[in-house]
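From first to last, the protein sequence lines stand for chains Z and C. Throughout the first sequence, residue numbering follows the working numbering, covering 6 to 349 in sequence. Throughout the second sequence, residue numbering follows the working numbering, covering 6 to 349 in sequence. Where a beta carbon is used, it is the ideal one built from N, C-alpha and C, also for glycine. Take a look at the structure set out below.
There are 2 protein chains.
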Amino acid sequence: MAEMGKLAMLRRAVDDAKKIISEAIADLLDIEKLTLESSNRFQIADLGCATGPNTFYAVENIIEAVANKYKIKHKNPQTLEYQVFFNDRIDNDFNTLFRSLPFPRPYFAVGVPGSFYGRLFPTESIHFMHSSNSLNWLSRVPNYVGDINSPAWNGSSIYCRGDAKEVAEAYLSQYKKDMETFLNARAQELVGGGLMALVLGGRQDGVPLCQTNMGKTYDFLGSCLFDMATEGIISKEKVESLNLPQYYPSSSEIEELINTNGCFCIEKMETFPGPGKHFYDVQMWSMIVRAGFEAILQNHFGSEMVEDFFERYAKKHADNLFMFDRSDVQNLLQINIVLKRKVC
Amino acid sequence: MAEMGKLAMLRRAVDDAKKIISEAIADLLDIEKLTLESSNRFQIADLGCATGPNTFYAVENIIEAVANKYKIKHKNPQTLEYQVFFNDRIDNDFNTLFRSLPFPRPYFAVGVPGSFYGRLFPTESIHFMHSSNSLNWLSRVPNYVGDINSPAWNGSSIYCRGDAKEVAEAYLSQYKKDMETFLNARAQELVGGGLMALVLGGRQDGVPLCQTNMGKTYDFLGSCLFDMATEGIISKEKVESLNLPQYYPSSSEIEELINTNGCFCIEKMETFPGPGKHFYDVQMWSMIVRAGFEAILQNHFGSEMVEDFFERYAKKHADNLFMFDRSDVQNLLQINIVLKRKVC
């Protein structure tokens, strides 16, 4: 049930990005050049695919748009073949992904295990890359935030609130490093002129995460954990050592990173209210939170505390909801970006 | 333990085929032409990869041979990139495969779910195909062998003994159909001039399977099942309806099929004593048999009968071993074939 809520939310993100992706393919993809060079084969990668079905919707949108574009140029559209590379970390459940694949499907399907913070594909072998709801996860917890002797120690919170300078800098530094690695790897793998669509969560410029609904969610989570530590159910040191490897950039932060990297042109960019918008529906939001964080908490604290914990979380969220107004600034943003690989 | 015995046997098949594959790559692969046309990317597929590790050994052998060949032609061998497509049926455990991948590895790894009796890859996208110990499995149980009203009914045996004309014809007919489908699909996927190495079990010309060690194994298996049916432990109809979808061709049968298909030249072909050679080591052979057939029996009869069954099997095998001489004819063959895709 919790998983369904999360899936519905992520599906919404895929739907919200459909228009910008279709338009980008119609306006920007030089399909004749790309496919002539690779024997009428069009190769698509979805990075952070999870186990479906949202990755399948996203891929179908892309193929539909490419096929439309191709139809305009060619009399016989059947000659274009699609190969789709579904990528996620090696601990993803690829068995479930493969068994959920649509059948029949208009593409050859392939699974690619490995972190996208590194090379995944041969040089210039992909024509279109897509990643939805994955790029907020860092490759690791930033340095020093778990070190009690460092000014960047983040013992009192489980995430990057954004209001403590050293902690924010440590997270931003890791985010910059990860994005640079990500962009460099993709720049090698995408053909010149190939497109990349990124869908991720972000903050409004100048608004620290702790002022957003996502931040408040993390504060409630952290507060419940400290309550349980006070009651002796879990250890306080364990709570202090938990730091979520997540970063929510502002549009200008990510824009600057892409421009500094220099391998891609930003062709399209849009933002609108993102996943945080379900915050005021306590039941729905509790389900989403549980789907997103149950595994992390189990790994860190063991499975005994989980039921008790999520009961506490739902209660705390409901009890404190009246304190927050519904101004737009509290919403996290969904950032949709379309990049084009510069031709070297 | 049983799984280890099977793995060791299959590893032996990979090792036995190493020489012919290395020689084929050295002698026959037009590496300059193949790699120049695809931006220095060399794409390898292993069909029926299971969960490793034997597929990794096979792939490493292939890459080593290709790299050696490439080194002779080029000053900077680092520019050749390898992408390996690990294929097996959709019910294969790809999670285990991916988590067993060597690290670091000199190739980009990809999993491809689906039956190789059908298309798996885009047109002309693979340079080297390999399949070891998989092509004896048919796509399905042949028509009529399970039909009590048909002259091809195979109720008294669980496999194609080869001494009943109609049953043998039904199996051969399915084998021909499957191989034709297999060869046509691969002919489309391999680049012109690309190579395909097939390793499979076979019979000596004119020797029916029931005269080989593999046939005797199946006879023991079937006999134990009928014993259990007589004792009322499993149903007789269930035993009669079990037909293994396996075919062991003779060299001349497979040669004829490849020539009739017409898309490939047979570049190299060799046969030598194959997996049946462990037949006289009762403990080893019982382990191999259990690893190979436990899942099939569980699916057909349920899991309750399995322990009892394999105890009976080991006893029957040991009790009857004295009856058989050790002449070469009783050994199943390992057939190694290297094919080259004709250039259209």
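Asked: Boundaries of the beta strand (DSSP E) in which Leu203(C) is found, first to last residue; Found: Leu195 to Gly207
Asked: Under the three-state DSSP convention, the category Met6(Z) falls into; Found: Reliability fails at Met6(Z), whose pLDDT of 49 lies under 50, so the model's placement of it is uncertain and the value that follows must be treated cautiously. Looking at Met6(Z) - three-state DSSP - the assignment turns out to be coil, as it is neither helix nor strand.
Asked: Anticipated Cβ contact below 8 Å, Ser144(C) with Ser120(C), distance rounded; Found: 6 Å
Asked: Distance between Phe113(Z) and Lys243(Z) (C-alpha atoms, nearest Å); Found: 45 Å
Asked: Classification of Asp51(C) by the beta-carbon crowding that lies within 10 angstroms, buried from 16 upward; Found: buried
Asked: Inter-residue CB distance, Ala175(C) and Pro213(C) (contact presumed, cutoff 8 Å); Found: Contact flag wrong, Cβ pair sits at about 14 Å.
Asked: Nonlocal neighbours in the same chain, by C-beta distance under 6 Å from Met6(Z), ignoring five residues either side; Found: Annotation note: pLDDT 49 at Met6(Z) (below 50); position unreliable, no value reported.
Asked: C-beta contact flag for Phe225(Z) and Lys345(Z) at 8 Å; Found: no
Asked: Cβ separation of Gln339(Z) and Asp21(Z), assumed to be a contact under 8 Å, to the nearest whole Å; Found: 6 Å
Asked: Beta strand (DSSP E) runs wholly inside the stretch 25-92 of chain Z, at least 3 long, in chain order; Found: 46-52
Asked: Supposed contact pair Ser44(C) and Glu86(Z) - C-beta distance, whole angstroms, cut 8 Å; Found: Going by Cβ atoms, the distance from Glu86(Z) to Ser44(C) rounds to 18 Å, so no, they are not a contact pair.
Asked: Residues of its chain near Val115(Z), where Cβ-Cβ distance is below 8 Å and the 5 sequence neighbours each way are ignored; Found: Gln88, Val89, Phe90 and Phe91
Asked: Residue closest to Asp272(C), alpha-carbon to alpha-carbon, out of Cys215(C), Gly123(C), Leu203(C) and Asn336(C); Found: Correcting the residue type first, residue 272(C) is Glu in the shown sequence and not Asp. Looking at the Cα atoms, Leu203(C) is the closest of the given residues.
Asked: Asn266(Z) to Ile293(C) span [Cα, whole Å]; Found: 55 Å
Asked: Alpha-carbon spacing of Ile30(Z) relative to Asp35(C), whole angstroms; Found: 37 Å
Asked: Interface flag, Thr235(Z) vs chain C, CB-CB below 8 Å; Found: no
Asked: Residues that Ala135(C) bridges to, as DSSP identifies them; Found: Note that residue 135(C) is His in the sequence shown here, rather than Ala. Answer is Asp51(C) and Ala202(C), bridged to His135(C).
Asked: Supposed contact pair Ile49(Z) and Ile67(Z) - C-beta distance, whole angstroms, cut 8 Å; Found: 6 Å
Asked: Paired residues, beta bridge with Phe269(C) - DSSP; Found: Arg346(C)
Asked: Residue-chain proximity (Leu125(Z), chain C), Cβ-Cβ < 8 Å; Found: yes
Asked: Alpha carbon of Gly65(Z) to alpha carbon of Ile342(Z), nearest angstrom; Found: The amino acid at residue 65(Z) is misidentified as Gly; the sequence shows Glu. The straight-line gap from Cα to Cα measures roughly 19 Å.
Asked: Closer than 8 Å at the beta carbon, the chain C residues around Leu98(Z); Found: According to the sequence shown, residue 98(Z) is Asp rather than Leu. Result: Asn100.
Asked: Chain C contacts from the stretch 126-146 of chain Z (Cβ-Cβ distance under 8 Å); Found: Phe126, Pro127, Thr128, Glu129 and Ser130
Asked: CB contact check: Gln216(Z) to chain C, cutoff 8 Å; Found: no
Asked: Per-residue DSSP class, three states only, for Val150(C); Found: coil
Asked: Length of the line joining the Cα atoms of Gly206(C) and Leu247(Z); Found: 55 Å
Asked: Beta-carbon proximity of Gly199(Z) to Ile263(Z), cut-off 8 Å; Found: no
Asked: Cross-chain neighbours of Gln88(Z) in chain C, by beta carbon under 9 Å; Found: Phe126, Pro127 and Ser130
Asked: Inter-residue Cα distance where the pair is Thr56(C) and Pro278(Z); Found: 44 Å
Asked: Simplified DSSP state of Ser255(C), which is helix, strand or coil; Found: strand
Asked: Lys76(C) to Arg46(Z) span [Cα, whole Å]; Found: 29 Å
Asked: 7 Å Cβ shell around Lys350(Z) - same chain, five flanking residues per side excluded; Found: Here chain Z has residues from 6 to 349 only, and residue 350(Z) is not among them.
Asked: Stretch pair the stretch 228-239 of chain C + the stretch 181-194 of chain C: three plus CB contacts closer than 8 Å; Found: no
Asked: Min CB distance Met6(Z) to chain C below 8 Å; Found: At Met6(Z), the pLDDT of 49 sits below 50, so the modelled position is not reliable; the number obtained from the coordinates is stated separately. No, because no Cβ of chain C sits closer than 8 Å to the Cβ of Met6(Z).
Asked: Endpoints, the beta strand (DSSP E) within which Ala113(C) is located; Found: It should be pointed out that residue 113(C) corresponds to Phe in this sequence rather than to Ala. Counting along the chain, the beta strand (DSSP E) containing Phe113(C) begins and ends at Phe113 to Pro118.
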